[in-house]
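Report on the following structure.
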Amino acid sequence: MSFNIDKQTADELNLMGKYRNGSVYHLFNQVKTSGGQQMLDEVFRSPLEDPAAINERAATFQAFQQANLGFPFDVSQLSMMREYLDGSVAGNAVITVIDTLIKKGLSSLTRDERYRKKVQGLQATIVTLKRCFLFLQALPVTTEKYAAKAAVISDILADKEVDQLMNIDIYKPLSVKTLAYYDHLLKGRLLAAMEQLLSFIYELDMYIAVSDVARSKGFAYAVAMPKEKNLFSVKVLRHPCLQGAIGNDLRMEEGSNVLFLTGANMAGKSTWMKSVGICMYLAHMGFPVAAESMVFSVRQGICSSINVADNIHLGYSHFYAEVVRVKQAAEAAASGKRLLLMFDELFKGTNVKDAYDGTLAVTEAFAEYQDCLFIVSTHIIEVGEALKGNSNIRFAFLPTVLEGGRPRYTYRLQEGITEDRQGMMIIRNEGILELIRSQAC
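Under my numbering, think of the first position of the sequence shown as 1255, with each following residue one higher.
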């Protein structure tokens, strides 16, 4: 079964978006090749559920981070090699020679570029093979699985005909016979091997790019545990895309799987919840996370309700859209999956009494699913008092400090339930009432 995350959750966490500034994908998108980009896309869209596979990928990233390697290939040469291998070739070696002779003749008589591109493509392939050979000689110690991949590529390069190809001097003119011979060989018997080699290079591009981001940002690598442990423990977790973000610790486990989060508006509840969701998603990819350390039991999906909007097309009000979202989460939890569920300011689209009753009832109901991890935030602090009888609910808040009559937000998680009520103070500080009264006069 694949890791389950729907579009709403992905959008709320701002995970995807190749060209969207501020997205998690944009943060890690430092690859140099189109193949590396495709590799990054695939990894982002396919989080892992096997702890061993997650830890193996994380260990490979960590090895590249410690080695601090630069990408050893020329991107333009890789593009020419890719285009060259994609070109057609005759099934018969003799016909390939004839076709090459014709193209060479046309290049002399007309502006036909096919022969020149064939030469450049073979030269680019030779250069790439040589650089791959040199890289493998200096490959740092990685995981056993990655080392096995590298061994396969070494075997390809050790092929007698590939070795002869690498020893060709690309600065000397290539004969038609030589060009036709390798054209037929590389696009025939060795095509699958060349595709495997390019895939290895694209994966290398991704490993180097992501590990470079981890090094520059001070990210760490999470340790994955079996899902039955139901553990999530993280130190100094922060939002990866925010400069100077404040980090916080969090521990959730069996018997303490619900976090009830309170705090005033603007105290940082939504951002903190997004930070948790992002780090959980990245950890399932084996990617570095914005934390000092993290240990987690694998989940089977993430479901959030942070920025729910009304739906004009379906005729949903804001409140009804919230209800539909909670229902979707309830169905997912009832299916028996081990999930991370996050709800920010439940039922803010209705009156305070209904919001209180709804938040209390939904939190108590979800607290019974002890195989899931659940975070709910609200500024209706009275709900917290009513939930204190639930042993598996932990209470935390993000405080507001008053300085000279103005609020300052620490973004430091504390135990307990907040007493902060600064709504009217902020309204007064902004001079809204005076503005309204002056206009009325």
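All residues carry an ideal CB built from backbone N, CA and C; glycine is no exception.
With H, G and I counted as helix, E and B as strand and the rest as coil, what does DSSP make of residue i?
i	result
residue 1663	strand
residue 1584	helix
residue 1419	helix
residue 1564	In this prediction, residue 1564 scores a pLDDT of 47, lower than 50, which makes its location untrustworthy; no coordinate-derived value is stated.
residue 1569	Here residue 1569 scores only 49 on pLDDT, less than 50, and its place in the model is too uncertain to base an answer on.
residue 1678	Low confidence applies here, because residue 1678 scores a pLDDT of 45, under 50, leaving its location unreliable and the question unanswered by this model.
residue 1517	strand
residue 1406	helix
residue 1342	coil
residue 1510	strand
residue 1671	coil
residue 1499	coil
residue 1657	strand
residue 1395	coil
residue 1285	coil
residue 1615	helix
residue 1226	Outside the displayed range of the chain (1255 to 1695) lies residue 1226, so it cannot be described from this structure.
residue 1544	coil
How long is the line joining the alpha carbons of residue i and residue j, rounded to whole angstroms?
i	j	result
residue 1540	residue 1519	34 Å
residue 1308	residue 1409	27 Å
residue 1511	residue 1304	21 Å
residue 1532	residue 1269	7 Å
residue 1286	residue 1336	14 Å
residue 1642	residue 1467	42 Å
residue 1485	residue 1498	28 Å
residue 1315	residue 1302	15 Å
residue 1280	residue 1274	6 Å
residue 1525	residue 1442	54 Å
residue 1630	residue 1503	17 Å
residue 1660	residue 1615	35 Å
residue 1418	residue 1290	28 Å
residue 1411	residue 1599	58 Å
residue 1238	residue 1648	The requested residue 1238 does not occur in the structure, where the chain is confined to residues 1255 to 1695.
residue 1434	residue 1422	14 Å
Can you check whether the CB of residue j is closer than 8 Å to the CB of residue i?
i	j	result
residue 1597	residue 1609	no
residue 1339	residue 1420	no
residue 1483	residue 1553	no
residue 1454	residue 1407	yes
residue 1547	residue 1479	no
residue 1394	residue 1476	no
residue 1403	residue 1310	no
residue 1513	residue 1650	yes
residue 1373	residue 1428	yes
residue 1282	residue 1464	yes
residue 1382	residue 1323	no
residue 1666	residue 1500	yes
residue 1491	residue 1544	yes
residue 1704	residue 1587	Past the boundaries of the shown model lies residue 1704; the chain is included only from 1255 to 1695, so the question cannot be answered.
residue 1516	residue 1672	yes
residue 1624	residue 1646	yes
Residue i lies in the alpha helix (DSSP H); which residues open and close that run?
i	result
residue 1309	1305-1321
residue 1551	Premise fails: residue 1551 lies in the beta strand (DSSP E), 1547-1551, not in any alpha helix (DSSP H).
residue 1627	Segment 1627-1632 is the beta strand (DSSP E) holding residue 1627; no alpha helix (DSSP H) there.
residue 1649	Unbroken run through residue 1649 is the beta strand (DSSP E), 1647-1652; no alpha helix (DSSP H).
residue 1370	1368-1391
residue 1702	Shown here, the chain extends from 1255 to 1695; a query on residue 1702 therefore has no answer.
residue 1535	1523-1539
Using a Cβ-Cβ distance cut-off of 8 Å, determine whether residue i contacts chain C.
i	result
residue 1462	Absent from the structure: chain C. Only one protein chain is present.
Beta strand (DSSP E) containing residue i: first to last residue?
i	result
residue 1488	1486-1491
residue 1478	1477-1479
residue 1556	1555-1559
residue 1505	1502-1506
residue 1282	Element bounds for residue 1282: not the beta strand (DSSP E) but the alpha helix (DSSP H), 1278-1282.
residue 1594	1593-1598
Quick check on the DSSP output: what are the complete alpha helix (DSSP H) runs of length 4 or more inside the segment 1441-1469, in order along the chain? none
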